[in-house]
Structures are given as C-alpha cells and as structure tokens.
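Asks:
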Amino acid sequence: EEDTYLLPTGFSAADIVFANCCFWAQQNGWLERTIPNNDATAAPSEMQCENGDKTSMTAKPLSPELASYLKRCRSRPAFVRANEMRKNQGREEKESPISKL
C-alpha cells in the first residue's frame, strides 16, 4: 500500500530509525540502491577493513516493497529538508578551511 508504514498508526520514529538504517546499509554497499533486474546479478563490492585487509561482499537485493517504502520515507517533507541541509553543510565544509586552535 502506498501509505503503509511500520506501525498501524502511521509514520513514526520507528520508520525514521529503520529507513536511516537502510540508507546507511545502501551507502556501505550492504543493500542495493535500486531494484535489480530479474536476470542481473549483483556485482561484489570491495570493502577495506580497519586493519587494511580488503574483503568483497555482495549487496542484498532491494525488494520492490522495500524500495517503495524507502521512496515514501525519502519523499516526506522533513526528510527532503534535512537532506538539503546535509548537502549544504557538506558544501560549506568543503569551501571553508578548518581553523586550527
């Protein structure tokens, strides 16, 4: 359903936590960012461990239901505003040198 969230009462803090965990997993290559084609296989991604060793892993497929849910969460006005603020903050950090105390 297009307006379904984790709790029957609607969008809640549980959705914020779960959606952010999914976004983090996507950024780290643990969860695919898009729905894969039925005949396509996920290519392994290479990660570097804290000790410098490299390991490869394959991102878990993103189901159509999860993709739809994450799209709903991302399209919420507060998420859009927070994402814009995050992007602007990153630009500001790149433009201004870090002062040393």
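In the numbering used here, each number is its position in the sequence shown, counted from 1, plus 824. Where a beta carbon is used, it is the ideal one built from N, C-alpha and C, also for glycine. None of the values given here were measured: they were computed from a predicted structure.
Using the three-state DSSP reduction, which class does G914 fall into: helix, strand or coil?
Replies: For the purposes of this step, residue 914 is taken as residue 90 along the sequence shown, with counting starting at 1. Reduced to three states, the DSSP call for G914 is helix.
Asks: Are W848 and K884 touching if we call contact CB-CB under 8 angstroms?
Replies: Start at 1 with the first residue of the sequence shown, and residue 848 comes out as number 24. Start at 1 with the first residue of the sequence shown, and residue 884 comes out as number 60. Taking 8 angstroms as the Cβ cut-off, W848 and K884 do not qualify as a contacting pair.
Asks: Need the endpoints of the alpha helix (DSSP H) that Y893 sits in, please.
Replies: Here residue 893 refers to the residue found at position 69 of the sequence shown. Run containing Y893: P888 to R898, per the alpha helix (DSSP H) assignment.
Asks: Kindly indicate which residue of P901, L831 and L894 has the alpha-carbon position closest to the one of C845.
Replies: Numbered from 1 along the sequence shown, position 21 holds the residue referred to as residue 845. Of the candidates P901, L831 and L894, the one whose C-alpha sits nearest the C-alpha of C845 is L894.
Asks: Could you give the distance in angstroms between the alpha-carbon of A891 and the alpha-carbon of T858?
Replies: Taking the sequence shown and counting its residues from 1, one reaches residue 891 at position 67. Taking the sequence shown and counting its residues from 1, one reaches residue 858 at position 34. Spanning the two alpha carbons is a distance of roughly 7 angstroms.
Asks: Report, in whole angstroms, the separation of the C-beta atoms of L830 and F842, which I expect to be a contact under 8 angstroms.
Replies: Within the sequence shown, numbered from 1, the residue matching residue 830 stands at position 6. Within the sequence shown, numbered from 1, the residue matching residue 842 stands at position 18. Contact holds; Cβ gap of about 6 angstroms.
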